[in-house]
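Data block below; observations after.
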Amino acid sequence: MVVTFTNDAWGGTPSTDRNLYVDALLLNGVDLGKHAVLMSGDAGLSFEKTAIIVPPPVPVPPVGDTLRLSLSEDAWQGDAHYRVTLDGVVLVADAVATASHAAGAHDLLDLHPVLAAGPHSLVVSFNNDAWGGTAATDRNLYVDAISLNGLDLGKQATLERTGDASFTFTSAAAVIVPVVAANDTLHIGLSADSWQGDPRFLIFIDGKQVGLEHSAAASHAAGQVEFLDVLAAHTAGAHELDVRFNNDAWGGTAATDRNLYVDSVALNGVDLHAHAALLSAGDAVFAF
């Protein structure tokens, strides 16, 4: 494989130099130990594909609940920084939002607390407001959505100055399933048209529901993709994945439409070349 550096520039000193670095090369998730520094021209990188590529270790699913925050920002003179506190305990001391609110993009922050049944208090603190006197010279933070175990809590806030956005929600009685080692990982890439709310969906394997309802927030129009890993121990033979879109909405135009997209499906790192656009409530079924 050859990487060609096409626009070298040099101003006479190390600080006035344009270079390209190949920091790593992976094949099917396996690091090939290749790297190169291109001051100009080409870098030739050779590798050999062996008969068996060992997939990366299967991640252990988090124990507890999944509290997902969808955030965006106005990023004048730097990104928005924030802190997340749950029931008085700081879960994230300093996080950075990078998704453009104006472009309709979202950052997704997943937290996995073990929540007792009953009410809870979540606080998102905006730490570094900035204002240059116009709407175009303003740094803001937006909490676009919050979900608990895939269920949209209907919470959102706009933080236009340094301070807190407080949210209350109630958790049902927690049922923590012991972690069981899984042999297989289905890696599902999804995106959304999120008019008047994100699309929600269920996952079924061989007709059995896996987990609770999920939501997708990554913007399909912006080319974003978010990933959901489904861990299971599949027996040898044919299986069926079913993605069920639950909450279609349509306002009469392409800009006022809620849709769900299955952009990719991989099994243990192998692309199954499966994709579907769910433009109305219903199922997308994939065999593997």
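Add 165 to a position in the sequence shown, counting from 1, and you land on the number used in my numbering. We put the CB at the ideal spot given by N, CA and C, even for glycine.
Using DSSP with H/G/I as helix, E/B as strand and the rest coil, what is residue i?
i                 : result
threonine 327     : coil
threonine 335     : strand
proline 179       : helix
histidine 404     : coil
valine 427        : strand
lysine 320        : coil
phenylalanine 451 : strand
alanine 382       : coil
valine 279        : coil
proline 226       : Note that proline 226 scores a pLDDT of 48, beneath 50, so its modelled location is shaky; the value from the coordinates is reported in the next line. Coil, per DSSP.
serine 312        : strand
leucine 185       : strand
leucine 273       : strand
leucine 437       : coil
alanine 268       : coil
Are the beta-carbon atoms belonging to residue i and residue j less than 8 Å from one another?
i              : j             : result
aspartate 413  : serine 445    : yes
serine 286     : aspartate 252 : yes
leucine 256    : leucine 276   : yes
valine 168     : alanine 208   : yes
serine 356     : histidine 385 : yes
tryptophan 360 : glycine 319   : no
serine 237     : alanine 264   : yes
arginine 409   : aspartate 371 : no
alanine 439    : glutamate 405 : no
asparagine 292 : threonine 323 : no
leucine 313    : aspartate 230 : yes
aspartate 358  : aspartate 422 : yes
Excluding five sequence neighbours on each side, which residues of the same chain lie with their C-beta closer than 8 Å to the C-beta of residue i?
i             : result
alanine 267   : Asp239
glutamate 325 : Asp294, Asp303, Asn305
alanine 301   : Trp241
alanine 387   : Ala268, Gly269, Ala270
aspartate 188 : His200
Suppose the cutoff is 7 Å on Cβ atoms and the five residues either side in sequence are ignored; what does the same chain contact list for residue i look like?
i             : result
leucine 273   : Arg233, Ser235, Ala382, Glu391
alanine 442   : Asn424, Tyr426
alanine 258   : Arg248
serine 284    : The question names serine, but residue 284 in the sequence shown is proline. If we look at proline 284 and ignore the five residues flanking it on each side, its Cβ neighbours are Thr333, Thr335.
threonine 178 : none
leucine 367   : Gln374, Glu378, Arg409, Asn411
glutamine 389 : Ala270, Ser356, Ala383
serine 331    : Ser286, Val288
Excluding five sequence neighbours on each side, which residues of the same chain lie with their C-beta closer than 6 Å to the C-beta of residue i?
i              : result
tryptophan 175 : Asp182
leucine 393    : Ile353
valine 261     : Asp244, His246
arginine 365   : Glu378, Ser380, Asn411, Asn412
valine 202     : Tyr186
valine 435     : none
histidine 399  : Asp349
alanine 281    : none
Which residue or residues does DSSP assign as beta-bridge partners of residue i?
i             : result
glycine 198   : DSSP output for glycine 198 lists no bridge partner at all.
threonine 250 : Val255, Val288
leucine 305   : Looking at the sequence provided, one finds asparagine at residue 305 rather than leucine. In DSSP, asparagine 305 forms a bridge with Asp239.
glycine 376   : DSSP lists no partner for glycine 376.
glycine 359   : Position check: residue 359 holds serine in this sequence, whereas glycine was assumed. BP columns for serine 359 point to Arg423.
valine 261    : His246
alanine 352   : It should be pointed out that residue 352 corresponds to histidine in this sequence rather than to alanine. The partner list for histidine 352 (beta bridge, DSSP) reads Asp394, Ala431.
threonine 169 : Asp207
leucine 191   : Asp196
leucine 444   : Leucine 444 pairs with nothing; no bridge assigned.
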